[in-house]
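The block underneath contains the structure these notes are about, expressed in structure tokens.
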Amino acid sequence: MGLRAFLAKRVVYSVFLLLLVIMVDFFLFILMPGDPTIFLAPIDPAGGILSPEERKEREEILKRVWGYGDPYYVQLMKYMRNLLTWTFGKSILYKTDVTKAMFWRIPYTLLLIGGSTIISIIIGVILGVMAVQKRGGIFDSGAVVTSLVFNALPSFWIGMVFLLIFYINLGWFPNAGAFPREWALKGFPTPVTITNSVSLDGLRLVLTLDSGQFIKLIGGYLRHLFLPMATLVIVTAGGWLIFTRASMLEVLGEDYVLTAKAKGLTERGVMFKHVLKNASLPIVTSIALSFGFVLGGALITEAVFTYPGLGQMTFQAIMYRDYSILMAFFYVMSICVIIANIIADLLYGVLDPRIRYG
Amino acid sequence: MKIKEKQIRFTLNRFYGFLITFLRNRKGIFGVVIIIGFVAVALLSPFLTPYTPLGEEPLTRRPPAVKFCAPSWYRYLPEWLGGNPKLSENFFIVNDPAVPKLDYEGGEWKFITNKVDRILASHNAEINCPIGDIAGYESKNGSIEIRYIREKGVIPQNCKAYLIKEFFYPYRGPPAELSGNIALLVNGSTFTVKNSEYLDVPVEVKVFIGRVGGKNFTIWPAIGTGEMPYGFPLVSNDNGVDSPDLPPLIERAPLRGKLFKSGMEGIVPGIGIYANGTGNITFAYGIYPFPGMDKVGSVTITLNSSIWDWHWADLDLNWNYSTLFIWIEKIEGEILYGYDDQVPHDAMVLRGGKWSVEYNKRYFIRVSGDPIVSKPAAGLEEVDGWLLSSATIGNPQIGVGGISGQSIVTAMDIDPRENPARVIFTEDPGKYLLGLEITFVDELSPEKDVKTTVYVDDFYLNLFGNSFGLMGTDHQGRDLFSQLIYGTRISLYLGIAVSVMTVVLGLSVGLAAGYLGGIADELLMRFNDLMLCLPGLPLLIVLAAVIGTTIENLMIVMVLIGWNGFARVVRSMALSLKERPFVEAAKSVGAGTGYILWRHILPNVMAIVYVSLATSVPGAVTAEASLSWLGFYDPTRMSWGRMLHNISHLGGAAQAIVNPLWVLAPGLSISLLAVAFILLGYALDDILNPRLRLRR
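Sequence lines, in order, name chains A and B. Residue 1304, in my numbering, is where the first sequence stops; the numbers in between run on with no holes. Residue 700, in my numbering, is where the second sequence stops; the numbers in between run on with no holes.
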């Protein structure tokens, strides 16, 4: 049998799962109790009241693209067609294509959440290994308790406290946006400029790399990224630490570790050659799974820091009742998670030679 | 009997042994102590703070101070820690305004006049303004009576009298807001011109406040601004002519109704008003309660009758709103409403469906010559002749707020661009006085005896400071400390309820799936995969936004999203337990499924159950806090998340500097509660988890 058959089976299952998920999404949005005209005329404080033109626009989009008001099976057909062919039309909130609105925000979210996930994984795993090496001691219990405490803190509150200390009181970091506001007015620093130069030999293109501008560009982004990333890392690194430590402790109890120690391997040898290799399996699959949540992850953090990523877009779409964006977002999220799951399963098969598919 | 006793003793012993082990675990003790502390705070909250859960005074249901107050002990903090010695607290100048007495009668008011032969003052225990005013003072019997008597033949002359209260203002900073009230009744001998009667000796009244030895500022009568109702006129004779100070014969106070819809049910909604006069009343309706903003539509009723009657207009509403505000946009012509000569009426009713109406009515009808009549809100006695005037002295542009229900007026001799409190009160503590100046305008011929009596009741001025309480106040003037205390209840209630429901649901489904397998198993696994694919927090928000944000709805939504994680764990445990020899042995003896589940599987799963009960609570508490912070809070309850929402969306950076406790305290409470439950869960895990016990 082997890998290929397993992969095929998994992909087929995932396709069915995806179909199931989008049907559930559809039913959630259509059959939910509550005000039926909620997508036509939001009345919550953020939505406000719509002018008749806005309302007409909304009605038109909902009718044409999603079949609002038609019988349920027609709506379902239109919905499936939209999702599977990726036609979402215009977004009411942003007045541009849904696709465009989403895609230019994806890099920001990837940078923020991907970056903080990577950093917190690195910190968590390294500290977790250290904690296991010195297990039973004060570093171990201290690390565990600290991780537990930080994991329990509400992330938006940590964000607010950081803003209070670092933005309001000290002024080191800004509080909103992904890049300094003046760049939007005066232009971004351009580290790479291409100029023409005409000489006796002919026309030449000169590429200039300005390192000063480069530092400014990167610095600007980093300055805006620092606080949200710090918030996310603080809250999630502890989880990785505990997970690493727990999975390594489980492996430590196995008999072959005892044998290795009896053979006379150094502590370090045991740790890295036997324990870590075997413990890394659940950790790696967990990493793969967590990347499935990268795009949908930090709605709260993006709201606290007004960071223009996917989370903030989703939040505004919910408040503004922008149906198209919400459908697109849930769809993309489901696809990401399903793909991440497939990859995690594959990794599991690749890394663990004991597993045979069949 | 004996067996039962032995069983009970055995269980108690086991529990005792568990307790001993637990108490040796430091983390566990710490967690339990903190949890007990929170539970104690939640149960004892009415004793810890005198305010209601929303931080308001229990009797008046209004905030106890102005908005954005700092904590009162900040006055004593050194400056580098954030303290501010120039903070002021609430100071109520008059101690007993309901029963005012003069100083020689044992009271607090000094009476001064230069015409002692004509003007006398005393306490009158019978005559009394029957309305307890809106600041919550009871209307008890008694007023001060100031009599002017001039006999025939004596030369008429304008005479002044003063009623003064001296007080010592102890704070080094001015108050944030001045708010006061006065009730006056004027009686006297009258002369008749045409069909109206006029006072022989009208009075002019002024309320002033000032530093002893310094300048006195008139704070009433005052000028109002914009379209808010205020502008309380002088009690005076106007000779039948409309004077610019006095309100015309047309209602000024806006009549506003707020509708809570519950289904239109085929009845056309409409407004009815009980009115009399000639002219047009235009009602506007909209979503926001600020007249003039976001008007959705309007309807005009034309009146042309001199008989008090009901007049109706239909409202053109073609969508469903949960709240709709209706107010009077303009009145053209001469119209009176809500009151006829015999019987006061509800001025406005609404027709159609199940609407409930709440309106505030406070309006003045001026009939020339007679003293001003003030009609109080429905349910209170009709006042005959008393002028009741209640206002907040401030600067409407700065937006004096916090004490709702009162109109804002500007003091007369203070530049309207300045904050009157800062002009009146300087930075030194000192003696001030609050006074009422009454001028008897005696200009008629001396042919007859004249007399005029002024009764003064419910006269007070409250100085609201800019610091209050242990933690200050929020954007509406409500006490933050009491919000923190009562938030404990919400968090504990929600956290424990969600945790218990999640565990119960997860346990049942997990056991069924793991032990019985088959359809239950398949369904559980597919549902779990499904839930993994849906983004958690956005889903929670969408559900909360649509279903509604009461706390029970939030609990249900959280349980629906969270139960399958636990169910998966239970399922895997049940799967492994299923293969154990004792289960096989039980089956071979003929035990049924239920028996095996109850006696064999369940007790072995209880370890995870207890741990999960403890560790699910922080997740629920934090999720509720996140949802509330985003704006999806239960409007009838105040939780910690809602406090954080207020500071970040309604308070702003300025408030965070002035009162950082507002940011820190709720967050620390959430964190502490979460940490306590996690420590408890971890301690339980250490003790109960068989794998850890063996493998350590």
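C-beta: ideal position from N, C-alpha, C; glycine also.
Look at the stretch 619 to 643 of chain B: the residues with a C-beta under 8 Å from a C-beta of chain A are 622, 626, 629, 630, 633, 634 and 635.
Pairing residue 490 of chain B with residue 54 of chain B gives a Cβ-Cβ distance that is not under 7 Å. Residues of the stretch 1220 to 1246 of chain A with a C-beta atom less than 7 Å from some C-beta of chain B are 1242, 1245 and 1246, listed in chain order. Of all alpha-carbon atoms in B:523, B:334, B:632 and B:605, the one lying nearest the alpha-carbon of residue 588 of chain B is that of B:605. Within the stretch 1091 to 1119 of chain A, those residues whose Cβ lies closer than 7 Å to any Cβ of chain B are, in chain order, 1094, 1095, 1098, 1099, 1100, 1102, 1103, 1106, 1107, 1110 and 1114.
Interface flag for residue 1187 of chain A against chain B is unset, since no Cβ pair is found closer than 7 Å. By the criterion of at least three beta-carbon pairs nearer than 8 Å, the stretch 554 to 567 of chain B is in contact with the stretch 621 to 630 of chain B. Per DSSP, the continuous beta strand (DSSP E) segment holding residue 152 of chain B begins and ends at 147 to 154. Going by C-alpha positions, residue 39 of chain B is about 10 Å away from residue 46 of chain B. Going by C-alpha positions, residue 1017 of chain A is about 28 Å away from residue 539 of chain B. In the pairwise beta carbon analysis, the stretch 440 to 460 of chain B is classified as touching the stretch 150 to 165 of chain B: at least three pairs are separated by under 8 Å. Taking a beta-carbon distance threshold of 7 Å, residue 1048 of chain A does not count as an interface residue toward chain B.
Within the stretch 434 to 505 of chain B, the complete beta strand (DSSP E) runs of at least 3 residues fall at 434 to 444 and 454 to 468. Using a Cβ-Cβ cut-off of 7 Å, residue 963 of chain A counts as an interface residue toward chain B, since at least one Cβ of chain B sits closer than that to its own. Pairing residue 1087 of chain A with residue 1184 of chain A gives a Cβ-Cβ distance that is not under 7 Å. Of all C-beta pairs linking the stretch 88 to 105 of chain B to the stretch 467 to 478 of chain B, three or more are shorter than 8 Å, placing the two stretches in contact. Within chain B, no C-beta atom comes nearer than 7 Å to that of residue 1157 of chain A; the closest sits roughly 36 Å away. Here residue 316 of chain B is bridged, per DSSP, to B:276. The alpha-carbon of residue 1007 of chain A is positioned some 28 Å away from that of residue 553 of chain B. Counting C-beta pairs closer than 8 Å gives three or more between the stretch 1271 to 1279 of chain A and the stretch 1013 to 1030 of chain A, which meets the contact rule. Within the stretch 536 to 568 of chain B, the residues whose Cβ lies closer than 9 Å to some Cβ of chain A are 536, 537, 538, 539, 540, 541, 542, 543, 545, 546, 547, 549, 550, 551 and 552, listed in chain order. A residue is called buried once 16 or more other Cβ atoms fall within 10 Å of its Cβ, and residue 610 of chain B, having fewer, is exposed. Among the residues of chain B, those whose CB is under 9 Å from the CB of residue 1279 of chain A are 537, 538, 539 and 542, following chain order. The C-alpha of residue 1272 of chain A is placed about 30 Å away from the C-alpha of residue 955 of chain A. DSSP, reduced to helix, strand and coil, places residue 113 of chain B within a strand of the structure shown. In the three-state reduction of the DSSP assignment, residue 40 of chain B falls in the helix class, which pools H, G and I.
Secondary structure at residue 159 of chain B: coil, using DSSP grouped into helix, strand and coil. One alpha carbon belongs to residue 117 of chain B, the other to residue 204 of chain B, and they sit about 20 Å apart. With fewer than 16 other CB atoms across the displayed protein chains lying within 10 angstroms of its CB, residue 592 of chain B is exposed. Interface flag for residue 967 of chain A against chain B is set, since a Cβ pair is found closer than 7 Å. Taken through DSSP and simplified to helix, strand or coil, residue 120 of chain B comes out as coil.
Taking 7 Å as the cut-off, the beta carbon of residue 637 of chain B is found no closer than this to the beta carbon of residue 578 of chain B.
Comparing alpha-carbon positions, the option among A:1216, A:1190 and A:950 lying closest to residue 1201 of chain A turns out to be A:1216.
In the three-state reduction of the DSSP assignment, residue 23 of chain B falls in the helix class. With a threshold of 7 Å between beta carbons, residue 1283 of chain A makes contact with chain B. Note that the stretch 956 to 968 of chain A touches the stretch 527 to 536 of chain B; at least 3 beta-carbon pairs, one per stretch, sit closer than 8 Å.
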